[in-house]
Amino acid sequence: MKERLLVGLDLGSSSVRVAIGQLTFSNDQRSVLNIIGVTEIPSCGISKGCISSLEDVVSSVSGALEQSERLVGVPIQEAYVGIGGTHINSKEAKGVIGVSRPDGDIRAEDVARALESARAFINPANQEILHVLPREFSVDGQGGIKDPIGMQGIRLEAEVQVIQGLLSHIRNITKAVFRTGLDIAELVYAPLAAAESVTQPRQRELGVCVLIIGSTTTGMAVYEDGELLYASTLPIGADHITSDIAIGLRISLDVAENIKRSHGHSIPSEVDSRDQIDLKDFGADQGEIVSLQYVSEIIEARVEELYEKVEEELKKIDRSGMLPAGVVLTGGGAKLPGMVELGKRILHLPCSVGYANVQTSMPELALDPTFSTSVGLVLWGHEAERQSEVNIRRSWSDGKNKGGRFFSKISNPVKRVFKSFIP
Ligand SMILES: Nc1ncnc2c1ncn2[C@@H]1O[C@H](COP(=O)(O)OP(=O)(O)OP(=O)(O)O)[C@@H](O)[C@H]1O
Ligand SMILES: [Mg+2]
7 MKERLLVGLD
17 LGSSSVRVAI
27 GQLTFSNDQR
37 SVLNIIGVTE
47 IPSCGISKGC
57 ISSLEDVVSS
67 VSGALEQSER
77 LVGVPIQEAY
87 VGIGGTHINS
97 KEAKGVIGVS
107 RPDGDIRAED
117 VARALESARA
127 FINPANQEIL
137 HVLPREFSVD
147 GQGGIKDPIG
157 MQGIRLEAEV
167 QVIQGLLSHI
177 RNITKAVFRT
187 GLDIAELVYA
197 PLAAAESVTQ
207 PRQRELGVCV
217 LIIGSTTTGM
227 AVYEDGELLY
237 ASTLPIGADH
247 ITSDIAIGLR
257 ISLDVAENIK
267 RSHGHSIPSE
277 VDSRDQIDLK
287 DFGADQGEIV
297 SLQYVSEIIE
307 ARVEELYEKV
317 EEELKKIDRS
327 GMLPAGVVLT
337 GGGAKLPGMV
347 ELGKRILHLP
357 CSVGYANVQT
367 SMPELALDPT
377 FSTSVGLVLW
387 GHEAERQSEV
397 NIRRSWSDGK
407 NKGGRFFSKI
417 SNPVKRVFKS
427 FIP
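Throughout, my numbering is defined as the position within the sequence shown, counted from one, plus 6.
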């Protein structure tokens, strides 16, 4: 039996989180993944996914890594790093190539070239491409093909979803991570990693929207037919609720955060109108009796605004009320009671809180929605490595190949480009 660690590092605006997966290989080379540890420390120097102070981020990431290394007892050298931010966007693109072999047999290299040509189609100077995710292929004009390898044709077209972000922001993030001595296995757009942990392939096949409600942003990833259809980051997060409570009750942010976490609810009608709290019990300087229904009204207004923004995004892609597997909520904001009910009411879709679907020896932590991105990064890494092994074996035997992650990985330039930052 051989063992190896796979690490996910989630750079959030409120916390830096690390999830550590242990891969155990049996004699027949099958691997079993178990999440053996998760750690979290408050993050400094990151706001809305962008770096405001490089030094602060370096010390937050170093702190999180130290804590993780103590937990597992071995040094961590490499991680799948999750990033978010409103500067990251998704765009559709198309790549077209001529099949290289004279006999018209489509090979993995042709698919990779088609994806590379889609990248060239879209790449503006100030953007860095994080992922090129194939949606479907056409061979000689016949569309709807998921896996063209082994087919016959002359012209291969790839329809892809490109995820890209501002070059300067992405460079700063990689620079901060490299300064801690950690190698980046791949930079992953956080909502895609979270979706990996909280949804099943069947949900992604039917049509599902994953919402990661973080502290300052909400990440959104919509899947259909098993592929990413749309991704975006909205500039509203659960910290906005805290600010609203602080302003509405004229109290500090810390007191507002305490009240939100202990008594917050997004639906006022579910709160007993006689329920009251004394602000002094939550750390306020002066005592004042406040109705919990009033607190809930403040929360409801902000959550409604968030869901209305999500609805607008779904309308843009003609999927408003049209996703059979509904909406899966995750991230810290999903822990607020009433989020599911309000989501159903505004989005007219089934709604649930998603928990990471993994084997773990720390279920109480690894299954917490705030860890879904870091755990998802480990799953992403596992899948990426599994697929690249399969592809290497297939290219040897020249058998059929599978699209998806492998191609996004081989065409991911981030690792290539930013290796230059390693001192
Ligand atoms: N039990 C809870 N009830 C209500 N809200 C909560 C609870 N726990 C955490 N939150 C809220 O979730 C938010 C933090 O979520 P999360 O840790 O997912 O954000 P992040 O990943 O650090 O930020 P981002 O993804 O925006 O960069 C905070 O606003 C916090 O108040
Ligand atoms: Mg987050």
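Beta carbons are placed, not taken as given, at the ideal position from N, Cα and C, and that holds for glycine.
Keep in mind it's a predicted model, so treat the numbers as computed, not measured.
Buried or exposed by the 16-neighbour rule on C-beta atoms within 10 Å, applied to residue i
{"i": "L385", "result": "buried"}
{"i": "N407", "result": "In this predicted model, N407 has a pLDDT of only 38, less than 50, meaning its place in the structure is not dependable; the value taken from the coordinates is given anyway. Buried, by the Cβ-count rule."}
{"i": "D231", "result": "exposed"}
{"i": "S302", "result": "buried"}
{"i": "K266", "result": "buried"}
{"i": "R210", "result": "buried"}
{"i": "G149", "result": "exposed"}
{"i": "T30", "result": "exposed"}
{"i": "Y86", "result": "buried"}
{"i": "N33", "result": "exposed"}
{"i": "A227", "result": "buried"}
{"i": "P274", "result": "buried"}
{"i": "A131", "result": "exposed"}
Residue i Cβ short of 8 Å to ligand 2 heavy atom set
{"i": "T379", "result": "yes"}
{"i": "G225", "result": "yes"}
{"i": "G18", "result": "yes"}
Heavy atom of ligand 1 within 8 Å of residue i beta-carbon
{"i": "A244", "result": "yes"}
{"i": "S49", "result": "yes"}
{"i": "I176", "result": "no"}
{"i": "A494", "result": "In this structure the chain extends from 7 to 429, so residue 494 is not present and cannot be described."}
{"i": "L240", "result": "no"}
{"i": "V306", "result": "Correcting the residue identity first, residue 306 is Glu in this sequence and not Val. No, the Cβ of E306 stays beyond 8 Å of every heavy atom of ligand 1."}
{"i": "T186", "result": "no"}
{"i": "G339", "result": "yes"}
{"i": "A196", "result": "yes"}
Residue i: first and last residue of the uninterrupted beta strand (DSSP E) it sits in
{"i": "F184", "result": "Where F184 is concerned, there is no enclosing beta strand (DSSP E), although the alpha helix (DSSP H) it sits in stretches over L173 to R185."}
{"i": "M226", "result": "T224 to E230"}
{"i": "I352", "result": "Run containing I352: none in the beta strand (DSSP E); it sits in the alpha helix (DSSP H), M345 to L353."}
Three-state secondary structure (DSSP) of residue i
{"i": "K97", "result": "strand"}
{"i": "D287", "result": "helix"}
{"i": "E122", "result": "helix"}
{"i": "G293", "result": "coil"}
{"i": "T207", "result": "The sequence shown places Pro at residue 207, rather than the Thr named in the question. In the structure shown, P207 sits in a helix (DSSP, three-state: H, G or I)."}
{"i": "L29", "result": "strand"}
{"i": "Y361", "result": "coil"}
{"i": "F117", "result": "Per the sequence presented here, residue 117 reads as Val, with Phe not at that position. Of the three classes helix, strand and coil, the one that applies to V117 here is helix, per DSSP."}
{"i": "N132", "result": "coil"}
{"i": "I89", "result": "strand"}
{"i": "H137", "result": "strand"}
{"i": "V145", "result": "strand"}
Where the alpha helix (DSSP H) through residue i begins and ends
{"i": "E459", "result": "An answer regarding residue 459 cannot be provided, because it is not within the stretch 7 to 429 covered by the chain."}
{"i": "I242", "result": "Careful: I242 lies outside any alpha helix (DSSP H) and carries neither H nor E."}
{"i": "Q73", "result": "L60 to V78"}
Taking only runs that begin and end inside the region 252-288, name each unbroken alpha helix (DSSP H) of 4 or more residues, in chain order. The region 252-288 contains these whole alpha helix (DSSP H) runs: 259-269.
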